[in-house]
Every structure is written in structure tokens, then in C-alpha cells.
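A.B. asks: Chains as they are written, first to last, in my numbering: chain A, 614 to 733; chain B, 8 to 487. Each residue gets a CB set at the ideal place from its N, CA and C atoms; glycine is no exception.
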């Protein structure tokens with residue numbers, strides 16, 4: 614439970630623009646991160662939504678489609694992974710997204726039962 | 008709960024009366040033949056004012072002599088083949104054409120219920136038409152006074168349950184079997200009520216809608232169809248309506264507006280996101296409507312001939328022109344042309360050319376196309392904004408306005424070179440037909456809605472509306 618210092622892990626959660634997925638995946642692979650989970654989400658931050666028009670009726674669509682990436686990495690690999698994501702997902706325009714880093718209590722590989730960093 | 012049960016019972020009894028009534032009452036209401044001797048032939052007795060009441064045949068249809076020996080039935084295989092094809096095309100316009108056109112425009116939680124409306128209407132109208140609808144609309148009542156208003160419901164001239172129709176023809180379409188003519192007209196009777204669904208989308212009870220449609224078909228559609236096409240007073244007065252500008256589009260559009268006003272606005276209108284959930288479906292629907300409409304217009308020649316060809320070409324030209332016209336207006340007003348605008352403009356053109364298709368020349372259809380594209384944009388967008396009624400899918404804005412534009416322009420643009428029946432065309436005569444249609448459908452629709460409101464109920468509960476009709480009324484959902 615909890616594990617030794619060298620087994621501490623982090624979950625990197627990144628919200629990015631959907632079309633940036635391939636660039637980010639390649640950059641993460643280059644940074645040594647081999648596993649990834651993605652989900653299609655919607656959200657807004659400073660980027661406002663868009664106005665859609667249907668036969669004269671205007672609809673303000675507040676939530677913009679984004680991709681959420683989640684990758685569990687060892688502590689030592691975190692800064693390299695975050696830098697890789699940021700480098701690949703950045704376009705310089707509002708709406709590029711955010712990266713969050715949270716602690717991971719434990720990890721388990723379902724097939725073998727390995728725990729801790731060995732499960733990553 | 009007790010009150011609910013009573014309402015339901017009343018609704019069921021009413022529905023049973025509608026179906027059973029004509030059958031039980033037929034002997035009691037049997038029409039005594041007046042001065043015109045009943046023809047012994049299976050062909051229904053030809054109305055004497057044939058030339059102007061028939062749905063615009065290319066030449067005056069051969070009138071079966073009332074007192075002489077029964078006219079021999081002479082079928083034309085080309086006409087028959089084309090009319091069966093047309094019937095299939097027009098059926099396709101409703102299922103899945105209109106179903107998808109509307110389905111794509113509603114929110115995902117209501118798409119299945121929208122599709123179900125078109126589908127069940129197809130089934131209801133088919134059965135009612137066979138039982139009594141066709142007879143009311145397209146037979147000749149032996150009493151000349153009654154014939155002005157409605158057809159026969161008993162006696163040899165009637166076609167209740169289609170009895171007496173085997174091997175015969177309807178004098179309005181003497182070269183095709185009566186079975187085919189009946190089916191062709193049935194498909195018009197199907198799509199007209201289905202169009203109304205556009206106005207009450209996303210908030211009408213399924214049960215209430217079923218009762219509404221049964222009553223509406225028999226009490227509103229059948230009379231108007233008879234007045235214009237079945238030998239009634241509007242056709243006799245010279246109102247020109249080739250394929251249904253008044254009978255179908257103004258009729259359905261105005262009925263739609265009445266239902267939109269009686270039912271009230273959708274919850275959250277102007278605040279919630281009610282954007283179309285899938286315009287791909289709408290475009291597919293619009294395209295099926297366009298292709299199917301060749302059966303609607305060109306088929307209304309009830310023959311495979313030059314007039315049908317004329318109507319075919321006019322349909323294509325007006326539709327494309329209207330789509331472009333709508334696109335231009337929208338591009339100027341909104342800075343971006345939309346797919347929904349293109350589809351809507353095309354449908355507007357199809358609607359407007361409907362009454363005119365067998366009467367105008369190609370230049371006339373260009374004019375009608377432009378007028379429809381601009382006029383229906385105004386009807387669906389500007390007028391709705393001003394008066395703020397919730398005609399959800401613009402049945403009034405496109406069909407009533409488009410039908411009105413087409414019906415009136417027919418009075419101005421009808422050409423005797425294209426169709427000799429154009430003779431005597433006038434704006435005033437057309438306006439007369441329009442006014443009668445609007446008056447009867449508005450009144451009839453309102454009364455029928457009130458009947459439904461106090462028996463089955465018409466609007467879903469607020470919870471159901473928020474949850475979505477697919478789940479609330481049908482227990483179904485679209486899963487991604």
C-alpha cells in the first residue's frame with residue numbers, strides 16, 4: 614500500500630484540441646510513454662463556443678469538442694511527458710487546452726497482477 | 008386516474024365510430040339516385056362538368072355517357088406503368104423522405120418519435136382511404152347538390168371498402184385501373200397529414216395524434232380533395248391545381264399553424280439548444296422528396312404523355328431555382344450559406360411548383376422558383392420571428408406560403424399552349440380556391456384539435472417533453 618518512494622506514480626490528464634491527437638501521441642512515444650487512454654469530451658475555458666444558425670434561429674453552442682488524454686507515468690518521467698504534450702499540442706491560439714497532474718495511489722496490471730510502477 | 012380512464016374511453020369510442028360509422032350507416036344513408044340514372048357499368052358515373060374538375064388531363068377526358076350503354080374500359084399499359092411508378096415514388100416521399108427530412112431537424116431525443124409519426128400516418132391513412140376516404144373524395148355523389156361538396160358513401164357510385172372497383176376505372180383517369188388511381192391518390196392523402204407533423208414536432212402525444220389524423224383525413228382532407236379534384240365546386244369554378252398546391256400544401260401548412268398555436272411553444276424555446284441533431288438525415292430526406300416529387304407532379308397528369316413530361320421538367324427547374332434563391336438570400340443575410348437552407352429552398356420550390364407544374368411553361372417555373380425561394384425564406388424566417396409562433400419545422404412557412412405563392416402564380420402564368428385547361432385562368436379564381444381551403448382547414452383543424460384535447464389529450468407532459476418523446480412515448484432510444 615502506498616509503495617516505496619521509487620514507486621510513486623502520477624496520472625497526467627491533458628485536455629487538447631482533437632486534431633492534435635496524432636502529434637501528441639508521437640511526442641509522448643518519444644518521451645517514453647507507451648500507454649494512453651483518450652475520451653471525447655466537451656468543455657470551455659476562455660475559448661467561447663460558436664454560434665450555429667438554422668433557418669434564422671441562432672443557437673449558442675457553449676461547449677466545444679475536445680479530447681481528454683490520460684497517461685499514468687512514474688514520477689521521474691512526468692516533466693518530460695508534460696513537456697512533450699505541451700510542445701505537440703500548442704498552436705498559440707486560445708483553446709489549446711490544459712494539463713493536470715494528479716497523484717496515483719496504486720496501479721495494477723490485470724493480466725499478471727503486477728502492482729506499482731511495474732504495472733505501468 | 009378515473010378522469011384519465013374516461014378520457015381514454017371516449018377517445019376509443021370516437022375512433023370506433025369513425026371506422027364503424029360509415030359501414031353501419033351506409034344502408035340508412037343510401038343515396039337515392041336523382042335525375043341522372045345510375046350507370047350499370049363498374050366505371051363510376053362521369054360528372055357532367057368533367058373538363059374543369061378532372062385533375063388536368065392533357066385533353067378533356069372521355070365522359071362516360073350517363074344514359075347510354077356503359078363505356079368499354081380501355082386501359083393503357085404505358086399510363087398504368089407510369090402511374091404505379093408514380094404512386095411508389097410519392098409513397099417514398101413520406102417514408103422515408105419526409106420522415107428523414109423532419110427527423111434530422113429535431114433533437115436526438117425526439118428523432119424516433121418523429122419518424123414514427125410519418126410511419127404510422129402512412130398506415131392509418133392507407134386503411135381509412137380504402138375503407139371510405141377514397142369514396143368520399145373521388146366518387147360522384149348522385150345528388151348533384153351534394154356532389155359539389157363530397158362524393159358518394161353508399162350506392163353503386165360509391166367505393167366504400169373499394170367494392171365495385173374491380174376491373175373498373177375512375178372517369179377522372181380512364182386509362183388506368185381504378186386500383187392504381189386509388190393508390191396514387193392515397194399517397195397524396197398520406198403525405199398531407201404527415202406534413203402537419205412538422206408544426207407540432209417534439210411535443211405532441213402519439214395517441215392524440217392518431218385520433219387527430221383519423222378525423223382530419225376524413226373531415227378536412229377528403230372534402231378539400233373532392234372540391235378541387237373530385238368533381239366538387241372549386242374544380243367546377245375553374246380553380247387550377249395540378250398536383251396539390253391547395254389540397255396538400257396550403258391545407259397542411261395552415262393546419263400546421265393552427266396546431267402550433269393550439270399546442271403552444273416547446274418548453275425552453277429561445278433558451279435551450281434546439282439545433283437539428285443530424286442534418287445528414289435531413290439532406291437525405293430532402294433528396295428523396297425531390298426525386299419522389301416527380302411522381303407527385305408528373306404523375307398528376309395521370310398519363311404517360313407530353314403533359315407529364317412538361318410537369319417533370321417544370322418540377323426540376325423550379326426546385327433548383329428556389330434552392331439557389333434561398334441560398335442567395337441567406338448568404339446575404341447570414342453571411343454563410345447553409346445546407347439546411349439549400350434543402351429548405353429546394354423543398355419550397357417543390358411546393359410552389361406543385362399546383363403550377365402542369366400549367367406553366369419553363370420560364371414560368373423559373374419565376375415560380377425565385378418567388379418560392381425568397382418568399383418561403385421570408386415565411387419561415389422573418390414572419391416566424393415577428394409573430395413568434397413555434398412552427399417547429401416550418402410546415403406553415405414552407406408549405407402554406409409556398410403553396411400560396413404557387414397557387415396564385417398559376418393564375419397568372421398558366422399557359423394554354425402547355426395545357427388547354429389553362430383557358431380562363433385568373434388570379435381571382437385561384438384566390439377563391441385558396442380562401443376556401445384556408446377557411447375549411449383552419450376551422451376543421453381547430454375543432455378536431457379540441458375534440459382530441461378533451462379525449463385523448465394532445466400535448467405531452469412537461470416531464471415527457473424534457474425527457475424526450477423517444478423514451479417517454481415509445482421506450483426507445485438511439486444509441487451512439
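Could you give the uninterrupted runs of the beta strand (DSSP E) lying entirely in the region 285–361 of chain B, keeping only those of 3 residues or more?
C.D. replies: Runs found: none.
A.B. asks: For a quick check, are the C-beta atoms of residue 206 of chain B and residue 402 of chain B less than 9 angstroms apart?
C.D. replies: Their beta carbons are under 9 angstroms apart, which means residue 206 of chain B touches residue 402 of chain B by this criterion.
A.B. asks: Evaluate contact between the region 155–164 of chain B and the region 173–187 of chain B, counting only Cβ atoms and requiring at least three cross-stretch pairs below 8 angstroms.
C.D. replies: These segments do not touch.
A.B. asks: Just to confirm, is the Cβ distance from residue 13 of chain B to residue 140 of chain B under 9 angstroms?
C.D. replies: It is not a contact, given that the beta carbons lie outside the stated cut-off.
A.B. asks: State the start and end residues of the unbroken alpha helix (DSSP H) segment that holds residue 391 of chain B.
C.D. replies: Segment 391–394, the alpha helix (DSSP H) holding residue 391 of chain B.
A.B. asks: So, is the C-beta of residue 638 of chain A closer than 9 angstroms to a C-beta in chain B?
C.D. replies: Judged by the 9 angstroms Cβ criterion, residue 638 of chain A is not in contact with chain B.
A.B. asks: Listed in chain order, which residues of the region 661–673 of chain A have Cβ atoms closer than 7 angstroms to some Cβ of chain B?
C.D. replies: Answer set for the region 661–673 of chain A: 665, 666, 667, 668, 669, 672.
A.B. asks: Answer with buried or exposed for residue 716 of chain A, where buried requires no fewer than 16 other C-beta atoms within 10 angstroms of its C-beta.
C.D. replies: By the neighbour-count rule (16 or more Cβ atoms within 10 Å), residue 716 of chain A is not buried but exposed.
A.B. asks: 9 angstroms is my cut-off, CB to CB: does residue 632 of chain A come that close to chain B?
C.D. replies: Judged by the 9 angstroms Cβ criterion, residue 632 of chain A is not in contact with chain B.
A.B. asks: Helix, strand or coil for residue 682 of chain A, going by three-state DSSP, please let me know.
C.D. replies: The answer is strand: DSSP assigns residue 682 of chain A an E or B state.
A.B. asks: Just checking: is the beta-carbon of residue 482 of chain B within a distance shorter than 9 angstroms of some beta-carbon in chain A?
C.D. replies: Output row for residue 482 of chain B: interface = no.
A.B. asks: Using a Cβ-Cβ cut-off of 7 angstroms (strictly less than) and excluding sequence neighbours within five positions of residue 677 of chain A, which residues of its own chain qualify?
C.D. replies: Only 655, 656, 657, 660, 662, 708 meet the Cβ criterion.
A.B. asks: Grab the span of the alpha helix (DSSP H) containing residue 412 of chain B for me, first residue to last.
C.D. replies: Here the alpha helix (DSSP H) through residue 412 of chain B covers 408–420.
A.B. asks: Could you run through the region 255–287 of chain B and flag, in chain order, every residue whose CB is less than 8 angstroms away from some CB of chain A?
C.D. replies: Answer set for the region 255–287 of chain B: 280, 281, 282, 283.
A.B. asks: Could you tell me which chain A residues have their CB closer than 8 angstroms to the CB of residue 401 of chain B, listed as they occur along the chain?
C.D. replies: Ordered by position in chain A, the residues that pass the 8 angstroms Cβ test against residue 401 of chain B are 668.
A.B. asks: Would residue 668 of chain A and residue 294 of chain B qualify as a contact pair, given that the criterion is a beta-carbon distance under 9 angstroms?
C.D. replies: Going by C-beta atoms, residue 668 of chain A is not nearer than 9 angstroms to residue 294 of chain B.
A.B. asks: Note the first and the last residue of the continuous alpha helix (DSSP H) segment covering residue 439 of chain B.
C.D. replies: 434–460 is the extent of the alpha helix (DSSP H) around residue 439 of chain B.
A.B. asks: Find the residues of chain A that neighbour residue 392 of chain B, judging by a C-beta separation of less than 7 angstroms, and give them in chain order.
C.D. replies: Going along chain A in sequence order, the residues near residue 392 of chain B (Cβ under 7 angstroms) are 669.
A.B. asks: From residue 73 of chain B to residue 257 of chain B, what does the alpha carbon distance come to, in whole angstroms?
C.D. replies: Confidence at residue 73 of chain B is low in this model, with a pLDDT of 42, below 50, so the placement of that residue should be treated as unreliable; the coordinate-derived value is given next. Approximately 35 angstroms, taken between the alpha carbons.
A.B. asks: If you measure beta-carbon to beta-carbon, which residues of the region 298–328 of chain B are closer than 7 angstroms to chain C?
C.D. replies: Given the protein chain composition of this structure (A and B), no chain C is represented.
A.B. asks: Could you tell me which of A:623, A:624, A:638 sits nearest to residue 630 of chain A, measuring between CA atoms?
C.D. replies: When only C-alpha atoms are compared, the closest one is A:638.
A.B. asks: Would you call the region 140–152 of chain B and the region 310–322 of chain B in contact, with 3 or more CB pairs under 8 angstroms?
C.D. replies: They do not touch, by the three-pair rule.
A.B. asks: Which residues bound the beta strand (DSSP E) around residue 652 of chain A?
C.D. replies: Run containing residue 652 of chain A: 650–656, per the beta strand (DSSP E) assignment.
A.B. asks: Just to check my reading of the structure: residue 345 of chain B and residue 380 of chain B have Cβ atoms closer than 8 angstroms, yes? What is that Cβ distance to the nearest angstrom?
C.D. replies: Not a contact, Cβ separation roughly 14 angstroms.
A.B. asks: According to the neighbour-count rule (16 or more other Cβ atoms, all chains shown, within 10 Å of its Cβ), is residue 377 of chain B buried or exposed?
C.D. replies: Label assigned to residue 377 of chain B: buried.
A.B. asks: If you measure between the beta carbons of residue 169 of chain B and residue 137 of chain B, is that distance less than 9 angstroms?
C.D. replies: Cβ atoms of residue 169 of chain B and residue 137 of chain B: closer than 9 angstroms.
A.B. asks: Tell me which residue opens and which closes the alpha helix (DSSP H) that residue 664 of chain A is part of.
C.D. replies: Premise fails: residue 664 of chain A lies in the beta strand (DSSP E), 663–667, not in any alpha helix (DSSP H).
A.B. asks: If the criterion is Cβ atoms closer than 9 angstroms, does the pair residue 303 of chain B and residue 84 of chain B meet it?
C.D. replies: No. Outside cutoff.
A.B. asks: Does DSSP classify residue 703 of chain A as helix, strand or coil?
C.D. replies: Of the three classes helix, strand and coil, the one that applies to residue 703 of chain A here is coil, per DSSP.
A.B. asks: For a contact defined as C-beta to C-beta under 8 angstroms, what are the partners of residue 347 of chain B on chain A?
C.D. replies: In chain order: 667, 668.
A.B. asks: Which term fits residue 47 of chain B, buried or exposed, when burial requires 16 or more other beta carbons within 10 angstroms of its beta carbon?
C.D. replies: Low confidence applies here, because residue 47 of chain B scores a pLDDT of 34, under 50, leaving its location unreliable; read the following figure in that light. Exposed is the call here.
A.B. asks: Give the DSSP-derived three-state secondary structure of residue 81 of chain B in the structure shown.
C.D. replies: Coil, per DSSP.
A.B. asks: Got a sec: which bits of the region 349–360 of chain B sit with their beta carbon under 8 angstroms from any beta carbon on chain A, in order along the chain?
C.D. replies: Here the close residues are 351.
A.B. asks: Just how far apart, CA to CA, sit residue 312 of chain B and residue 89 of chain B?
C.D. replies: Approximately 10 angstroms, taken between the alpha carbons.
A.B. asks: In chain order, what are the residue ranges of uninterrupted alpha helix (DSSP H) at least 4 long that sit wholly in the region 214–266 of chain B?
C.D. replies: 229–235, 240–243, all fully within the region 214–266 of chain B.
A.B. asks: If I'm right that residue 265 of chain B touches residue 415 of chain B with Cβ under 8 angstroms, what's the distance once you round it to whole angstroms?
C.D. replies: Rounded, the Cβ-Cβ distance is 21 angstroms, inconsistent with contact.
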